[in-house]
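When you number the sequence shown by our numbering, it's gap-free, plus one each residue, and the end is 952.
C-beta atoms are modelled at their ideal positions from N, C-alpha and C, and glycine is treated no differently.
Remember, it's a predicted structure, so these values are computed and weren't measured experimentally.
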Amino acid sequence: MSPLPGWRAAFRIARRDAARAKGRSALVVAMIALPVLGVTAADLTYRSALPTKAEELTAELGSADARFMSTSVGPVKLQQMPDGINWSTPEGAPDPTPEEQAKPVDVPAAFPEGSRYLTERSVPASVTTRHGIADTEVSELRISDAMLRGRIELTDGTYPRKPDEIAATSDFVKAAGLSIGDSVTVRGPELTYTLTGTVELPADLRADALYALPGSVIDPWQKAADRDKTILPPQPSDPKWLVKGPAGAGVTWQDILAANERGVVVKSRQVALNPPPDSEVPMSSMSSGYSTEAETTAAVLTVAAMAVLEIVLLAGPAFAVGARRSRRQLGLVGSCGGSRGQVRAVVLAGGAVLGAVGAVAGVGAGFGLTALFRPMIEDFTGNRFGELTVRPWEILGIAALGLVTGVLAALAPAIVAGRQSVLESLTGRRGTRRSSRVLPVIGVIALTSGVGVAVYGGVAGDTVFVAGGSVLAELGVLACIPVIVGFLGRLGRGLPLTPRMALRDAARNRGRTAPAVAAVMAAVAGSVAIATYTSSSAAQHAYDFEPNLTPGTVALAASGIGADAELPRSRAAVEQNYPVSGRPADFGRVWAGSDCSVYYEEENGCGTLELVKPTGKGHSCPLKGKGAEELALRLSADEHKRMMNSPACMDENYTMVAFGTGEHKIVIGGADVLDTYVKLDDPAAAKALADGTPVLLNSAYAKNGEVTLKATHLYSDRDEKNRARHPGKARTTTDRLKVYVAPDRFAATPGIRMVMPQKTAERLGLHVEDYGSFYALGRDATDAEAQAAYAAIDQAGNRAYLMSSNERFRTQDDTILLILALFAGVVTLGAAAITTGLSKADAEADLTTLSAVGAPPGVRRSLSGFQCLVVALTGVLLGTVAGLVPAIALRLTDLRAALEKMREDPMQSAYTPIVMPWETVGLLALVVPVLAGLLAAALTSSRLTLARRAG
């Protein structure tokens, strides 16, 4: 006999039961729909934000068919790949001579006959703004041409039509405080233009650029520089040509081969989208090729596996409660001759019905929210979606996932419902049943095994083991929840009435509490896993980040010969416009012999100054030079980190040269330099400088408290003033100086190795010059303040430059963590509220009894709040533990990769920390449970109409 008629009846009963219990059904649908919504929105956003090959070509070419450009090797034969990126001279061909390289390439001659083209050139420039001066890039390109549509779009105003008109990107206009109709002047040649419109680059919304007509910026600038030698000439890029081929023909591979004969490289839309076979590509034999197919990462696989488990655990308690609420109906099915299998079929059919509704609702809501928040997502990612990319099979898979997990979530309640006797179902008696003693043992074994498997996967770099072990560990915690909940009842002995009742009720009704705790645990585990991985990665990036200045400082430095005379005016410009705090710390530079910044063109025309580094242990870095790779093979990540942070290796790692110091990194200064820039608050160090003793920041250069300073006093014949004072041959001096050695942590100070008093440098016969000032910042400067400071420095003679921290260019991981913490909090709050509501519905009879025995009305409300608090807090704590397993395993995968790179290059960092996101955990463990409890108490009615007990 076909089972279809029985299933048809089961589905009919399930559908009618879902329609009758609308509130409970809505909660079940919400629990299934929410994860499906998130996965659908994530899929749509990822697919839409990831540009296709055609969209990448549009972002580069607009609607043009191809881009033609010359190379640096002159008009010689070339070979290129179809992508237009890789090119070279033919294999075996002689290298072009300097004469050949100097010859111009006639690029337009390579265009297909009947083509139309646009020229493009850009030049870096300093321009005026409403606030002052800003550095940007000016492109000469006729952006009004239809060939640019898709690459550059007008957002306001009009395109430039005249030589004295210009357009700017929206981001630049906002930062510069400009409006349409304002004047923009290119500094140097003092060319003024009228801003006619704002544009955006759909592929780069944060672009910072200006656009003018061809021939309106670079040529006038060059002519002005030719007339006035004080004006620096422009430094334009090589020209490019955007070409629209003959109608219907485009730019073919044969056209590209013909252009290669003339020394021209071509990127063609037609060829890039439909590349020729390798047999027609001369360069294919020289290219090893590469795969663009990205492998599934451990993180994606783990998150996907945990997402499936989360849907099951979120919906599971709803079906468990629903099955108990419908036990009388299920008993009637049994009393009418229905078998246990048919009773299970009714519950499973309920899972299928509500799972299907939840999947459809989740997918629909995912589409709607993605479309609604599309502009916000585009602003966050920094590029416009070409179109809302939908992969039908992926969407159907997500919907099917919701349906299947809905059925899986109903599986356990179906088995329990099938085991109940008809009498128990009809009378509503639950009976007493001892908790399984085997399940917790299995849970502990599963937890231990899961952790071991995940850790092994992380160490071995196996993504399948990481995902499988993480899910197994979470299932192990899930199996232990009934025992943990039972233990909670013992904690309430010394508590007041309501919390004691809440704990004992949770322990007594484990079948109701455990699924609710599991649901919250599932919601928290994924969030904690992602937050832990993100915060750990952020800590790693912060460790690897190499700052150009110490945090919270800015440096003003002189530029050019004799610029020190203008420093007082430049200092005033900074102090009046930049958010500095405290007094400036002036510093100078030091050199021996003739100044190499002036006489650098002559061979042996200037002196040298060297801070000699001793050799041996504590001085030479063992990670560099002979034996470094063999040593790296024996080092752990922690041992390597300690070695990299030692002064000997720190000096090899941080090689930035600034402040006019040269390779010796010695600045002239006093105690204020230590306080403002070095951040060394040490009275002994300040006293040493006052007494004429240099302060050494890197102890690897000191031996027995002294350093060796080697100077070559060589004077150029053109340095007449100093040459007259120091006639004769060059002399070399080696001095041993007593120094004050700063603690090792100051060895990483950017740009400075030693601070020397001026009187000490003069005593050694060295030359010194005032070079600039360090300032401490009260806060980060705004765009307006920075532009105003640049303008003031320009008005002061433009003989100095302001060096700001590159800290602002780091990834904003704190923002990501904050968003993640808020998202996790909302999910946890929702899961706690929904599961507590279901538990309250299941415990309605107990609440009725509570009112019947004379409990005050407020007890019902506070009891509901504490029940929610118990569920939420327990779930959060268990979820935090479960979420750490995949996060740690994934970081072990990263550690394996980092160690491999370090052993190839011993100076490569292998630091891979595991950092707990305490802000996220604190929000979830403290704020969210308390908030959930307060909301549950506030939304619970304190009055109850007594009802007849079922039976």
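Distance between residue j and residue i (C-alpha atoms, nearest Å)
| i | j | result |
| --- | --- | --- |
| V591 | L211 | 41 Å |
| A649 | M903 | 18 Å |
| A558 | S528 | 47 Å |
| A888 | T894 | 10 Å |
| D652 | R892 | 29 Å |
| V740 | A785 | 43 Å |
| V929 | V30 | 23 Å |
| R188 | T694 | 45 Å |
| M757 | M804 | 22 Å |
| L45 | L397 | 13 Å |
| L498 | R505 | 11 Å |
| T733 | L767 | 12 Å |
| P234 | A225 | 8 Å |
| A507 | V521 | 15 Å |
| L878 | S538 | 23 Å |
| P585 | S127 | 27 Å |
| V613 | G663 | 14 Å |
Span of the beta strand (DSSP E), counted from its first residue to its last, around residue i
| i | result |
| --- | --- |
| R719 | R719 -> no beta strand (DSSP E), and no H or E assigned at all. |
| Y118 | R117 to T129 |
| L243 | K241 to K245 |
| T137 | I134 to E141 |
| I167 | E166 to T170 |
| H714 | E707 to H714 |
| E281 | From DSSP, E281 is part of no beta strand (DSSP E); its letter is neither H nor E. |
| V439 | No beta strand (DSSP E) holds V439; the alpha helix (DSSP H) holding it covers V439 to A461. |
| I794 | Per DSSP, I794 belongs to no beta strand (DSSP E); it is in the alpha helix (DSSP H), D784 to Q796. |
| M804 | A801 to M804 |
| V68 | Looking at the sequence itself, residue 68 is Arg, so the reference to Val does not match. Per DSSP, R68 belongs to the beta strand (DSSP E) from A67 to S71. |
Residue burial classification, residue i (beta-carbon count within 10 angstroms, cutoff 16)
| i | result |
| --- | --- |
| I446 | exposed |
| T53 | exposed |
| H665 | buried |
| K722 | exposed |
| V442 | exposed |
| D220 | exposed |
| K627 | exposed |
| F374 | exposed |
| L274 | exposed |
| G369 | exposed |
| S292 | In this predicted model, S292 has a pLDDT of only 38, less than 50, meaning its place in the structure is not dependable; the value taken from the coordinates is given anyway. That one is exposed. |
| W919 | exposed |
| E1 | As displayed, the chain neither begins before 2 nor continues past 952, which places residue 1 out of reach and without an answer. |
Range covered by the alpha helix (DSSP H) that runs through residue i
| i | result |
| --- | --- |
| G923 | W919 to G923 |
| I968 | Missing from the structure shown is residue 968; the chain here goes from 2 to 952 and no further. |
| L675 | L675 -> no alpha helix (DSSP H), and no H or E assigned at all. |
| F466 | T464 to L489 |
| L932 | V929 to A939 |
| L274 | R270 to L274 |
Under 8 Å between C-beta atoms of residue i and residue j
| i | j | result |
| --- | --- | --- |
| F588 | V668 | yes |
| I144 | A168 | yes |
| G407 | L476 | no |
| P277 | P83 | yes |
| V555 | Y776 | yes |
| G182 | T195 | yes |
| A743 | A703 | no |
| L715 | S595 | yes |
| S582 | L778 | yes |
| G469 | V452 | no |
| V347 | A34 | no |
| V174 | L192 | no |
Any chain C beta carbon closer than 8 Å to residue i
| i | result |
| --- | --- |
| P278 | In the displayed structure, chain C is absent; only one protein chain is listed. |
Practice task
Could you tell me which uninterrupted alpha helix (DSSP H) segments, each at least 4 residues in length, are contained entirely in the segment 525-598, listed from first to last along the chain?
Solution key: 568-578
Handout entry: Length at least 4, wholly inside the segment 718-781: the alpha helix (DSSP H) runs in chain order
Key = 721-726 and 759-764
Problem - Whole alpha helix (DSSP H) elements within the segment 204-252, 4-residue minimum - result: 219-228
Handout entry: Every unbroken beta strand (DSSP E) inside the segment 849-910 [3 residues or more]
Key = none
Practice task
Counting only runs of 4+ residues fully inside the segment 368-417, write out the alpha helix (DSSP H) ranges in chain order.
Solution key: 375-382
Practice task
Mind listing, in chain order, the continuous beta strand (DSSP E) runs of no fewer than 3 residues lying wholly within the segment 609-653?
Solution key: 609-613, all fully within the segment 609-653.
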